[in-house]
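Residue numbers (the numbering used here), protein chains in the order written: chain A, 224 to 465; chain B, 17 to 374; chain C, 124 to 301.
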């Protein structure tokens, strides 16, 4: 009998620590599938962020480094410059990439570093307990925006992907979603594109993935997916940004 | 052949001589000559592109967007197996502390140069030695140490930078070269090494793709119960070996001295001038110049003469003083003379103080 | 022997270079030497200075509080540094841009270095006229070695620059020191 579905070689056979309905497990698998399909496991170096995905290296079966909160793209810049023949990517959440690490993000993009970025936008800080993120939607309740995000007090949801698209060093930016199986397949295609761009020396590529966090959204896993479709995608429209 | 170099240039040249293949930095006075020198002299610094197929690139120079980025680039380059260095001055080194803690926690080798200036805050750009605590007491979070080397002349700045890279690799620890604005800016003749530039050791732990081996992971995060304690005990064991093997100091006239001056870096030069004046007037004065500030040299303080007194001299209000007191252990008198904020104790002030003590 | 020299002028007058030529020559002669610059934000204009110590013994602080010789190329620098010369020390002054009355506490040599340099066709070599004046007064380094240093640091392919610096040095050496 033909085997049509199996565990990726780039994923260890271990359970993840993520909450039920969390998007990280799916996103990890998409990265692993892309690495397998491109046959680059032995030359891939991943940078795990500080945040819920901090131990991503416990799940991925290739070389990985941790990075201090927000500094993944500084670390990745150096690794890629030292080993230009390797495939180097960062995997970062919204707090990591668009709050504490905004400076590193913008400057790595502006230098046109030949890197791939997997950017998980779940509109909330997960690991620290559900605080306001730079991408939290207006009106969204978090433990530090108790009455909901209010523009006068907290500013607006930060559209870092649209900002980065203005930089000439950036080659490719696409926003995708994990809201439904067809969207997940599109997300995988985008990640693959970002990795292929790097292999072809085209410069900085970033895939923003709208990803569910049922725990800190106070929703069930199913409701979370609907919320991405009905609410989050209105603020963060899907599609190719650059 | 000797050439005239500033301390900053000598450190940069020493790094290149030691096979430093990655430098990231951010401008700050008084160490700007280091970043400029590295930009000019790092091989293939403009492209940063590998010329050697699999293996390391010839050399990468990056002007980072901040000291935070610079130290984390050094972290990444070191994780990738390069001999990596950054340099800065006091306020910039403060910004780097988190990254230095990660480097220590992840057991990565790196060389960090601090050409100290006056503080606190923005302070000024005058020479100072007021980051001694920060350098020797693990300036970032967690239980860790840097090896801290303090050159007193430009030749030593060149030599110790090379030693720093070797020690960093041997023990997988960050090494700090601690100088001040005078050392960085001053030019002196330097005898350049004629040895062939060293190739770094094979680093089986480094990240370069898991071809034919299990994946390597560089991290300082140990969440499982007991795992961090185990990792920290491993670091402590390494530190104990370093303390045993890597203390460095210069001792002068210790056998007959009645007063021993204790000073490092620029301050030790001024102490030496004072000593030569005092000795030509028949006064028995000696010098202990710690070269490694961590590990701090304890051994020269075990002098038998029970009437010997120590005078600690610093361009700070008394930081190394604490290490001297610990080394002396209350057995002898320890006096102090220090100035800060751009003030440097002069020969005359030292001589007057010594005369009072004698 | 120890000679502590402070060289000061306005930014752009070449005081750093003057100091470096002195230091390089001393190094060439096997002497101990330190060169220490003011490293403030001055680049052009304002006052700029460096401190050179030449000795046959190990040098302590490169920072000079009491100079054996002051070489001063403009008036603001004179005001700033005239108190830092030791008793009976030597003051070499660019009289094109600064004046001082005779003083029993120091030996003063004042000549119009800038005017001499203009006459040579390059105002920038006033510093080397002053260097010549210093070397003739205090024979601690040899002229032939200064010329060697000139050659080693002159931009290659620009003989004119080298020549005018050599001429400036000679003019300085010739100035009357009595």
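Think of the CB as a built atom: it goes at the ideal place given N, C-alpha and C, for glycine as much as any other residue.
In this text the structure is predicted, and so the values were computed from the model without any measurement.
Item: For residue 285 of chain A, return the contacting residues in chain B, with the cut-off set at a CB-CB distance below 9 Å.; Value: 225, 226 and 231
Item: When we look at the beta-carbon of residue 227 of chain C and count the other beta-carbons within 10 Å, is it buried (16 or more) or exposed?; Value: exposed
Item: Indicate the three-state DSSP secondary structure (helix, strand or coil) for residue 61 of chain B in the structure shown.; Value: Confidence in residue 61 of chain B is poor, its pLDDT being 49 and thus under 50, which makes the residue's placement unreliable; the coordinate value appears in the next sentence. Reduced to three states, the DSSP call for residue 61 of chain B is coil.
Item: If you compare alpha carbons, which of B:341, B:352 and B:225 is closest to residue 305 of chain A?; Value: B:225
Item: Within 8 Å (strictly less), CB to CB, does residue 290 of chain C reach chain B?; Value: no
Item: Run down chain A in chain order and give the residues with a C-beta less than 8 Å from the C-beta of residue 234 of chain B.; Value: 287, 288 and 289
Item: Helix, strand or coil for residue 356 of chain A per DSSP?; Value: coil
Item: Keeping to the same chain, check which residues put their C-beta closer than 7 Å to that of residue 219 of chain C; ignore five residues upstream and five downstream.; Value: 235, 236, 237 and 238
Item: Please confirm whether residue 360 of chain B has its beta-carbon closer than 8 Å to some beta-carbon of chain C.; Value: yes
Item: Any C-beta of chain C within less than 8 Å: which residues of the segment 196-216 of chain B qualify?; Value: 197, 198, 201, 202, 203, 204 and 205
Item: Beta-carbon of residue 155 of chain B versus every beta-carbon of chain A: anything under 8 Å?; Value: no
Item: Keeping to the same chain, check which residues put their C-beta closer than 8 Å to that of residue 278 of chain A; ignore five residues upstream and five downstream.; Value: 240 and 271
Item: Any residues in the segment 234-258 of chain B with a beta carbon nearer than 9 Å to a beta carbon of chain A? Which ones, in chain order?; Value: 234, 235, 236, 237 and 239
Item: Between residue 353 of chain B and residue 367 of chain B, which are expected to be in contact by the criterion C-beta below 8 Å, what is the C-beta distance as a whole number of angstroms?; Value: Rounded, the Cβ-Cβ distance is 11 Å, inconsistent with contact.
Item: Residue 412 of chain A by DSSP, collapsed to three states: which one?; Value: helix
Item: Quick check: is the beta carbon of residue 307 of chain B nearer than 8 Å to any beta carbon in chain C?; Value: no
Item: Examine the Cβ distances between the segment 152-164 of chain B and the segment 187-195 of chain B and report whether three or more of them are shorter than 8 Å.; Value: yes
Item: Name, going along the chain, the residues of the segment 167-186 of chain C whose beta-carbon falls closer than 8 Å to a beta-carbon of chain B.; Value: 180, 181, 182, 183, 184, 185 and 186
Item: Under 8 Å, Cβ to Cβ, is there at least one residue of chain A near residue 82 of chain B?; Value: yes
Item: Name the residue from B:24, B:179, B:133 and B:151 whose alpha carbon lies nearest to the alpha carbon of residue 114 of chain B.; Value: B:151
Item: Taking a cut of 8 Å between CB atoms, which residues from the segment 183-214 of chain C lie near chain B?; Value: 183, 184, 185, 186 and 188
Item: Does DSSP put residue 178 of chain C in a helix, a strand or coil?; Value: strand
Item: Using the beta-carbon of each residue, which ones in chain C are nearer than 8 Å to residue 363 of chain B?; Value: 183 and 184
Item: Report yes or no: is there a C-beta of chain A within less than 8 Å of the C-beta of residue 65 of chain B?; Value: Per-residue confidence for residue 65 of chain B stands at a pLDDT of 45, beneath the threshold of 50, marking its modelled position as unreliable; no derived number is given.
Item: Please report the distance separating the alpha-carbon of residue 68 of chain B from that of residue 75 of chain B.; Value: Residue confidence is low: residue 68 of chain B scores 39 on pLDDT, short of 50, so the model does not pin down where it sits. Its coordinate-derived value is still stated next. Spanning the two alpha carbons is a distance of roughly 11 Å.
Item: What does residue 326 of chain B pair with, by DSSP beta-bridge criteria?; Value: B:276 and B:350
Item: Going by the CB atoms, is the gap between residue 188 of chain C and residue 131 of chain C shorter than 8 Å?; Value: no
Item: Short of 7 Å Cβ to Cβ, which residues in the segment 318-332 of chain A face chain B?; Value: 326, 327 and 330
Item: Judging by CA-CA distance, which residue of A:385, A:435 and A:322 is the nearest neighbour of residue 273 of chain A?; Value: A:322
Item: Could you check whether the Cβ of residue 305 of chain A sits closer than 8 Å to any Cβ belonging to chain B?; Value: yes
Item: Taking any Cβ of chain B, which residues in the segment 259-276 of chain C have a Cβ under 7 Å from it, in chain order?; Value: none
Item: Would residue 163 of chain C count as contacting chain B if we go by Cβ distances under 8 Å?; Value: yes
Item: Which value, in whole angstroms, describes the spacing of the CA atoms of residue 32 of chain B and residue 100 of chain B?; Value: 10 Å
Item: Does the beta carbon of residue 107 of chain B sit closer than 8 Å to a beta carbon anywhere in chain C?; Value: no
Item: Check the Cβ-Cβ distances between residue 285 of chain B and every residue of chain C, and say whether any is below 8 Å.; Value: yes
Item: With distances taken between CB atoms, is the gap from residue 282 of chain B to residue 193 of chain B smaller than 8 Å?; Value: no
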